[in-house]
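Take a look at the structure set out below.
In the UniProt record's numbering, the protein residues as written are 1 to 96.
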């Protein structure tokens with residue numbers, strides 16, 4: 001699973017339990033909110049036409065072994081960098 005598989009390519013929001021992954025006929029994956037807004041029904045990645053009946057919920061990917069380890073590392077690094085940026089902003093902010 002690549003990092004691209006974690007986000008909807010249209011809205012760039014992470015797939016989660018409230019933002020599920022949906023396949024269309026060509027195999028590309030988007031969130032349902034974005035698919036509902038696409039008109040005409042052409043894949044935004046490859047421009048292949050699809051119908052409402054072609055939209056199916058994508059299975060939740062299962063991670064194991066090195067994929068799982070990399071995913072956990074990605075999450076840890078994301079939170080570490082986010083926390084570090086907050087501390088850096090406090091250190092360089094002017095005193096009032």
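Glycine included, every Cβ here is placed at the ideal spot set by N, Cα and C.
Own chain residues within Cβ distance below 8 Å of residue i, not counting five before or after
i	result
residue 35	22, 24 and 55
Span of the alpha helix (DSSP H) around residue i
i	result
residue 34	32-37
Residue j beta carbon less than 8 Å from that of residue i
i	j	result
residue 6	residue 20	no
residue 141	residue 30	Residue 141 is absent from the structure shown; the chain starts at 1 and stops at 96.
residue 28	residue 43	yes
Residue i, DSSP secondary structure in three states
i	result
residue 22	strand
residue 81	helix
residue 76	helix
residue 6	helix
Counterpart residues of residue i in DSSP-defined beta bridges
i	result
residue 49	42
residue 29	23
Own chain, CB closer than 6 Å to residue i, minus 5 neighbours either side, in chain order
i	result
residue 45	28
residue 70	none
residue 83	none
Close Cβ partners of residue i (< 7 Å) along its chain, the five nearest in sequence each way excluded
i	result
residue 96	At residue 96 the pLDDT is 47, less than 50, meaning the model places this residue with poor confidence; the figure from the coordinates comes in the next sentence. Answer for residue 96: no residue qualifies.
residue 38	44
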